[in-house]
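Counting from 12, one number per residue, gives the positions in the sequence shown under my numbering. This report concerns only the one structure given below.
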Amino acid sequence: MLNKVRDAEQQDWLQTGAAVAQALAHPVRLRILELLRNEGAYVMHLTTVLGRPQANISQHLAILRDAGLVTDEREGMTVVYRVRDPQVFELMDQMKTLARPAMGRREFGEPEMRFATRAGRGCNCHCPRCAKK
Numbered sequence: 012m013l014n015k016v017r018d019a020e021q022q023d024w025l026q027t028g029a030a031v032a033q034a035l036a037h038p039v040r041l042r043i044l045e046l047l048r049n050e051g052a053y054v055m056h057l058t059t060v061l062g063r064p065q066a067n068i069s070q071h072l073a074i075l076r077d078a079g080l081v082t083d084e085r086e087g088m089t090v091v092y093r094v095r096d097p098q099v100f101e102l103m104d105q106m107k108t109l110a111r112p113a114m115g116r117r118e119f120g121e122p123e124m125r126f127a128t129r130a131g132r133g134c135n136c137h138c139p140r141c142a143k144k
């Protein structure tokens, strides 16, 4: 009986782990998670920074939410997304380390945002957080 319980637990872990891996297996979703790294973000902010339609960003966010990686919280008329568990960033950092040999010496990250951040400019979106800056 104990072996059946262990087998069931192992199977649950494998299925859940595979679902999380599938959610992480898209460059746009990884970029979204990177943008959520510090304090979360509004959908409007994500669409502006990533240059993608709101429907596309919402689909990716739904996959991340269904995998248990992000939470959504209504703030008035808008929704803010945050990472549920910051350990996902440790996993992403390990993924970067593993990918580095295949990538050669290219730098990771979003070049436009690195440049905008270095130059002290925002993203030009009108989300509640950026509008305050």
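Glycine included, every Cβ here is placed at the ideal spot set by N, Cα and C. Predicted model only: the values in this text are computed from it and were never measured.
Collapsed DSSP secondary structure at A66 in the structure displayed: helix
Assigned secondary structure, R146 (DSSP; H/G/I helix, E/B strand, else coil): Given a span of 12 to 144 for the chain in the structure shown, any question on residue 146 remains unanswerable.
contact_flag[the stretch 21-40, the stretch 73-83] where n(CB pairs < 8 Å) is 3 or more: Yes, since at least three Cβ pairs between the stretch 21-40 and the stretch 73-83 fall closer than 8 Å, the two stretches touch.
Meets three-Cβ-pair contact criterion under 8 Å: the stretch 50-57 and the stretch 85-99: The answer is yes - the stretch 85-99 touches the stretch 50-57, with three or more Cβ pairs under 8 Å.
Nearest-angstrom Cα separation, counted from T58 out to C138: 10 Å
Pairwise C-alpha distance: G115 and E86: 42 Å
Beta bridge counterpart(s) of E84 as assigned by DSSP: V91
Residue burial classification, T128 (beta-carbon count within 10 angstroms, cutoff 16): Note that T128 scores a pLDDT of 39, beneath 50, so its modelled location is shaky; the value from the coordinates is reported in the next line. By the 10 Å Cβ count, T128 comes out exposed.
Beta-carbon proximity list for L61, same chain, < 8 Å, skipping 5 on both sides: V39, R42, I43, L46, I68
Cut-off 6 Å between Cβ atoms - residues of its own chain near E84, not counting five sequence neighbours on either side: V91
Straight-line Cα distance separating I74 from A29: 13 Å
Residue closest to K107, alpha-carbon to alpha-carbon, out of L25, L35, T27: Checked all of L25, L35, T27; the closest Cα to K107 is L35.
Close-in-space but distant-in-sequence residues of the same chain around Q26 (CB under 6 Å, 5 per side omitted): none
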